[in-house]
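Notes to accompany the following structure.
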Amino acid sequence: MYVLDLSFHLRNLRAIGVIDVTHHRDEVSIRVRLEQALLDRVDRLVGERGRTKFIRDAVLWRLDQDYPPIVRELELEVQELKSRVEHLEASQATSLYSSSISESVEADLCRDHIDKGILVELLRREGVTTTELAELLLGSASRRTTILNRMNAINERARAKFGVDVARLEKGIVKGKRGAWWLTDRALITS
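In this note's numbering, the protein residues as written are 2 to 192.
Laid out in structure tokens, this is it:
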């Protein structure tokens, strides 16, 4: 066997079984193992200096033959449509749960849209971790402390109004979630 170094454009590498990849700007250098007889055929056809171009052209030809560019474009469009549908479904679900929170509870317990978002996610998921809430509402898992402070404030306001907490933090594993907030009484915030 003979090992040959080749440079292929980065976008075409996905279709090839790649080993030992190194990056150089917009191209990638890979190592391909070929049988000596196959390498001799390539050399007879294009010479030693033409190996890289020949193999690059062969890979591109094969990619276009097996996977035409139009198919790739359609695949990207389908992925984009799927992400849009997921976003719309999530928005619809959120608005459904958002409207189920009573106006008096929203006025008494929620200072702003983040507090309301916390209650919506608790209704929607039943149990949700502080990290999940931070990622969903604040865009960063590192802002868990903000969510924890908000949950404590919501519970303080709930104790003042209803005499009980809206949610409790279970530190162990409950229904497959570790360290999650759980609603104490769903009817408390929906009625």
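Each residue gets a CB set at the ideal place from its N, CA and C atoms; glycine is no exception.
Every value quoted in this text rests on a predicted model; they were computed, and no experiment measured them.
Quiz item: Rounded C-beta distance between ILE148 and ALA135? I'm assuming under 8 Å.
Solution: A Cβ-Cβ separation of about 5 Å places ILE148 in contact with ALA135 under the 8 Å criterion.
Quiz item: Near ALA168, which residues of its chain fall below 8 Å by C-beta distance, leaving aside the five closest residues on each side in sequence?
Solution: Only residues of its own chain outside the window of five on either side were considered, and among them LEU123, MET152, ILE155, ASN156, TRP182, TRP183, LEU184 and THR185 have a CB closer than 8 Å to the CB of ALA168, listed in chain order.
Practice problem: Taking LYS172 as part of the beta strand (DSSP E), name the residues at either end of that continuous run. | Solution: For LYS172, the enclosing beta strand (DSSP E) begins and ends at 168 to 175.
Self-check item: Own chain, CB closer than 6 Å to VAL106, minus 5 neighbours either side, in chain order
Solution: Excluding sequence positions up to five before and after VAL106, its CB lies within less than 6 Å of the CB of ILE190, all in the same chain and listed in chain order.
Quiz item: Is it true that the CB of THR130 sits closer than 7 Å to the CB of GLY180?
Solution: Cβ distance < 7 Å, so GLY180 and THR130 count as in contact.
Quiz prompt | Residue environment, ASP41, which counts as buried when at least 16 other CB atoms sit within 10 Å | solution = Classified as exposed, ASP41 has fewer than 16 neighbouring CB atoms from the shown chains inside 10 Å of its CB.
Practice problem: Sort ARG73, ARG45 and THR53 by Cα distance to SER30 and report the nearest one. | Solution: Between SER30 and the set ARG73, ARG45 and THR53, the nearest pair of CA atoms involves THR53.
Quiz item: At what residue ranges does the segment 19 to 61 contain a whole run of the beta strand (DSSP E), taking only runs of 3 or more?
Solution: The segment 19 to 61 contains these whole beta strand (DSSP E) runs: 23 to 25 and 28 to 35.
Quiz item: Distance, Cα to Cα, ARG57 vs GLU133?
Solution: Each residue's Cα considered, the two are about 45 Å apart.
Quiz item: In the DSSP assignment, what are the bridge partners of GLY128?
Solution: According to DSSP, GLY128 bridges with TRP183.
Quiz item: Using the C-alpha atoms, what's the distance from GLY48 back to ARG34?
Solution: When rounded, the separation of the alpha-carbon atoms in ARG34 and GLY48 is 18 Å.
Exercise. Use the C-beta contact count for LEU46: other C-beta atoms within 10 angstroms, 16 or more gives buried, fewer gives exposed.
Key: Exposed, because fewer than 16 other Cβ atoms sit within 10 Å of the Cβ of LEU46.
Practice problem: Report all residues from its chain with a CB closer than 7 Å to the CB of ARG158; omit the five preceding and five following residues, and keep chain order. | Solution: Answer for ARG158: ASP109 and LEU110, listed in chain order.
Quiz item: Whose C-alpha, out of GLY128, LEU39, ARG26 and VAL79, is nearest the C-alpha of ILE174?
Solution: Closest option to ILE174, Cα to Cα, is GLY128.
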